[in-house]
Amino acid sequence: MTVDLQFILAAAGGALALSGVAYFVGRRVGRAAEERMLQTVRFKEDELRRARLELSAVLKAEKRVSQDLAAVAAPIPAAELPKLDPEVAARLEAMEAREDARQKELAALIASMDGRKVLDELREVMAPLAEQARVQSALSEMPTMYLHRGHLGHLLREVAARAGLSTMILSDEVGLPLAATSADASEALAAAASLLLTLADRLASTGQPAPVGVVTRDVEGHLTLHRIFSLDDERYVLTAVSKGTVLAPDSMDPVLPQLRQLLAQRSPEVDAVA
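Here it is as structure tokens:
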């Protein structure tokens, strides 16, 4: 029994010794792992601190650049102007004054107009240009079926229909109508065209450029275009009267090549008045 007790006590002592050894070994291993973990944390903290310092430096530099740009872009204070060259200072003051005036005018314009009014005014301004473009486009697509002078009246009627004209007359330089869409007032309009040729000659004799296209407006608001053109040594006037279509000095220009072609074709048939 004594032996067994001694054996038990010895075993218990051995177990306690092993437990102590295991505790101290485990404690040492735990401290080493904890130390490595602490070192890693301290390393990460150092990296974060350096990153924060670098970011702060970048932000400060960016702020300085922004301040420098703002100082360059900002207008020069009036108190600093006397320190500049007088001419430079005067130019800067004039530039600032013009810019202020422009901003005020723009603000007043925007305040006085709404979108609809602006569109209406744009349409009113563009309407004559659009009408002229329409007329010239229609006349540029004229058929080429007309062959000689006897077709002049047919050509003029085609032009009048496409351009929305009430009357068209082709006359020579002495005021004789060669073709017309209507007999009404054809002689009077041809005589007026002859006077225009006389006026062109007088202007040319004084060294002034001779007119080739003249648009007049009568008391009833009708527009009349006289377009002077030449073929060889002879001059002609194409007269167009409109009661609504907007006419410009060059509105009938697309028709001139066909007129010259027909006038060049001599024929005993002359369509003086259709």
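According to the numbering used here, the sequence shown holds residues 1177 to 1450 in order.
Every residue, glycine too, gets a C-beta built ideally from N, C-alpha and C.
Short Cβ contact (9 Å threshold) for residue i with residue j
i: T1344; j: V1335; result: Note that residue 1344 is Met in the sequence shown, not Thr. Going by C-beta atoms, M1344 is nearer than 9 Å to V1335.
i: A1356; j: L1346; result: yes
i: P1385; j: L1375; result: no
i: L1328; j: M1318; result: no
For residue i, the three-state DSSP class (helix, strand or coil)
i: Q1437; result: helix
i: L1423; result: coil
i: G1202; result: Unreliable positioning characterises G1202 in this predicted model, as indicated by a pLDDT of 45, which lies under 50. The coordinate reading is nonetheless provided below. It is helical.
i: L1373; result: helix
i: E1331; result: Checking the sequence shown, residue 1331 turns out to be Leu, not Glu. L1331: helix per DSSP, three-state reduction.
i: V1197; result: Per-residue confidence for V1197 stands at a pLDDT of 43, beneath the threshold of 50, marking its modelled position as unreliable; no derived number is given.
i: A1356; result: strand
i: A1386; result: coil
i: S1418; result: strand
i: S1313; result: helix
i: P1319; result: coil
i: A1361; result: coil
i: G1326; result: helix
i: S1342; result: coil
i: M1428; result: coil
Distance between beta carbons of residue j and residue i, contact taken as under 8 Å
i: V1413; j: T1400; result: No, V1413 and T1400 are not in contact; Cβ-Cβ is about 11 Å, not under 8 Å.
i: G1389; j: P1425; result: 3 Å
i: V1311; j: S1406; result: Their Cβ separation, rounded to whole angstroms, is 23 Å, which puts V1311 and S1406 out of contact at 8 Å.
i: T1421; j: E1300; result: Not quite, the Cβ-Cβ distance comes to about 17 Å (not below 8 Å), so this is no contact.
i: A1369; j: T1415; result: 5 Å
i: L1365; j: Q1441; result: Going by Cβ atoms, the distance from L1365 to Q1441 rounds to 25 Å, so no, they are not a contact pair.
i: K1419; j: S1342; result: 5 Å
i: R1325; j: L1439; result: 6 Å
Residue(s) in a DSSP beta bridge with residue i
i: R1411; result: S1406
i: T1392; result: T1400
i: A1273; result: DSSP output for A1273 lists no bridge partner at all.
i: S1347; result: P1353, V1413
Which listed residue (the options) has its alpha carbon closest to that of residue i
i: R1411; options: K1280, P1430, D1426, L1352; result: L1352
i: H1398; options: V1311, G1340, V1301; result: G1340
i: S1316; options: Q1434, L1438, A1440; result: Q1434
i: A1309; options: L1423, Q1437, S1381, D1296; result: L1423
i: D1348; options: R1378, R1333, E1269, R1403; result: R1403
i: D1409; options: M1321, G1383, V1395, R1436; result: R1436
i: L1432; options: R1274, T1320, A1303; result: T1320
Below-9 Å beta-carbon distance, residue i vs any chain B residue
i: E1410; result: You won't find chain B in this structure, because it holds only one protein chain.
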